[in-house]
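Reviewing the structure listed below.
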Amino acid sequence: MLQEFLHRYPRWVVLTGAGISAASGIPTYRNDRGEWQRSEPIQHRDFIEQAAKRRRYWARSMAGWGFVGSAQPNAAHRELVRLEQAGHITLLATQNVDRLHQRVGHRHVIDLHGRLDRVTCLDCAAMIERAAFQQELESLNPGWSRQVAAQRPDGDADVADAIVEAMQVPDCAACGGMLMPDVVFFGGSVPRGRIAAIEAAIREADALVVLGSSLTVYSGFRFCRMADAMNKPLAIINRGATRADDLAALCIQRDIASTLAELQLSASSIPTI
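In this note's numbering, the protein residues as written are 196 to 468.
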C-alpha cells in the first residue's frame, strides 16, 4: 500500500512524532490510544512564572539529559534518510526535540518544537550547548544522585524530592537572565516562521506523510488540515489511531521502520527523482 502511494505521490513532506524515536529508547508521552501514560509535562507559563517549577524541571533534566543526549538513531530514521537521498522527501518536520534525524544525516529538517541540545536566555537570547550547561548544573549541585527511578520523555527523569528542593539553577552568564531549554513547552507557541515554511513545502509537495504521531496536539494536526485544504493526500503510519485518520487517504497501524523498509528503495523498485 505504501509503495503504491509513493509511486503515485513521489514527493513528500514528512511529519514525525515521538513514535519514531521510541525504538531509540526515548519514552513517548501517549500510548497507542493517544492517552497520557504519565503525568502531564511542564507548561510554558509555569516554567516562566514559578521558580519551584523551574527547579523541578532542571533537577529532572539534569538526571535525564545523559540518556537522551546519548540516544542513537534507529532503523526508521535511517530509512527516512534513504528516502530523502532518493529525492522523495522534500522536507521533514519533526515534533521531536531529540535531533536524531540530524544525527543520522537527514539534511532538510525543521524542528517544529525546538531542540533539546541547546539552552537559551529569555532575556538576551544567548545560546548555550546543553552539554556545557549540564556541567554547570552538576558543578552547582555536587550532591545529586545519578540513580533515577525511570526515564521520561524528552530528557526528563524521576528524581527524589530532596534533589528538587535543593536544586541550584545558574542564570545566564552574559546578562543574568532566565535560562530555558530551546524548546516549545506545552502551552507555548511555535514560531510562525516554522509553520509558514512547512506550509509552503506542503504546497509544493505531492503529499503529506505523518509518522509516529497521534496528532492529538494541534501543532502537528494543523498540517493535516492544511494538506486537506490544499487537496494534498495524507498518509499516516502510527501504532494506533490518530486525530487525522478521517482526513487520510492511507492509514497504516504498524511499526514504522518495518513499513518503510518494505518500500525496498533501490534503482529497480523506486527510481531516484
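Where a beta carbon is used, it is the ideal one built from N, C-alpha and C, also for glycine. Since the structure is predicted, the reported quantities are computational estimates derived from the model, not experimental observations.
Going along the chain, which unbroken runs of the alpha helix (DSSP H) with 4 or more residues stay wholly within the stretch 258 to 311?
270 to 280 and 295 to 298
Using DSSP with H/G/I as helix, E/B as strand and the rest coil, what is tryptophan 253?
For tryptophan 253, the three-state secondary structure derived from DSSP is helix.
Measure the C-alpha to C-alpha separation of leucine 374 and leucine 445 and round it to an integer number of angstroms.
Their backbone Cα atoms lie some 42 Å apart in a straight line.
Assign leucine 286 to one of two classes, buried (16 or more other C-beta atoms within 10 Å of its C-beta) or exposed (fewer than that).
buried
Starting from the Cα of proline 365, find the closest Cα among Asp312, Ile323 and His272 and give me that residue.
The shortest C-alpha to C-alpha distance from proline 365 to any of Asp312, Ile323 and His272 is the one to Ile323.
Boundaries (first-last residue) of the beta strand (DSSP E) holding methionine 322
322 to 324
What are the partner residues of phenylalanine 381, as DSSP defines its beta bridges?
Gln238
Can the beta-carbon of leucine 307 be found less than 8 Å from the beta-carbon of valine 385?
Yes, the Cβ-Cβ distance between leucine 307 and valine 385 is below 8 Å.
According to DSSP, what are the bridge partners of leucine 406?
Thr211 and Ile432
Close Cβ partners of glutamate 199 (< 8 Å) along its chain, the five nearest in sequence each way excluded:
none
Are valine 412 and glycine 350 close, meaning C-beta to C-beta below 8 Å?
no
Are alanine 403 and arginine 438 touching if we call contact CB-CB under 8 Å?
The displayed chain sequence assigns leucine, not alanine, to residue 403. No Cβ-Cβ contact shorter than 8 Å links leucine 403 with arginine 438.
Beta-carbon contacts of proline 215 that lie in its chain and below 6 Å, excluding the five residues immediately before and after:
The residue you asked about is not proline; residue 215 is isoleucine in the sequence shown. Excluding sequence neighbours, isoleucine 215 sits near Ala271, Leu406, Gly407 and Ile451.
Based on the DSSP output, what are the partners of glutamine 346 in its beta bridges?
Ala352
Apart from the five residues on each side of it in sequence, which residues of its chain come closer than 6 Å, Cβ to Cβ, to alanine 430?
Phe200, Val404 and Leu445
Coil, strand or helix - cysteine 446 by DSSP:
Residue state, collapsed to three classes: strand.
Tell me which residues share the same chain as serine 463 and place their Cβ nearer than 7 Å to its Cβ, disregarding the 5 neighbours each side in the sequence.
Any reading at serine 463 needs caution, since the residue's pLDDT is 42, under 50, leaving its predicted position unreliable; the model's value is listed next. For serine 463, where only same-chain residues beyond five positions count, there are no Cβ hits under 7 Å.
Run the CB neighbour count on leucine 458, radius 10 Å, all protein chains shown included, and call it buried at 16 or more, exposed below.
In the assembly as shown, leucine 458 is a buried residue. Its beta-carbon has 16 or more other beta-carbons within 10 Å.
Starting from aspartate 318 and walking both ways along the alpha helix (DSSP H), at which residues does that stretch end?
Here aspartate 318 belongs to no alpha helix (DSSP H), and DSSP marks it neither H nor E.
Under 8 Å between C-beta atoms of glycine 382 and histidine 239:
yes
Below 8 Å on the Cβ atoms is my contact criterion, and I expect glycine 259 with arginine 347 to pass it. Report the Cβ-Cβ distance as a whole number of Å.
7 Å
How is leucine 460 classed by DSSP in three states: helix, strand or coil?
Its pLDDT being 48, under 50, leucine 460 is placed unreliably in this model, and the coordinates cannot settle the point.
As assigned by DSSP and simplified to three states, the class of methionine 375:
In this structure, methionine 375 counts as strand in the three-state DSSP scheme.
Would you call the CB atoms of serine 219 and glutamine 267 closer than 8 Å?
In this structure, serine 219 sits near glutamine 267, with a CB-CB distance shorter than 8 Å.
Find out if the Cβ-Cβ distance for the pair alanine 357, arginine 255 is shorter than 8 Å.
no
The alpha helix (DSSP H) with methionine 421 in it runs from where to where?
413 to 424
Restricting to Cα atoms, I'd like to know which of Arg398, Arg310 and Pro337 is closest to threonine 289.
Arg310
So is aspartate 312 buried or exposed if we call it buried at 16+ other beta carbons inside 10 Å?
buried
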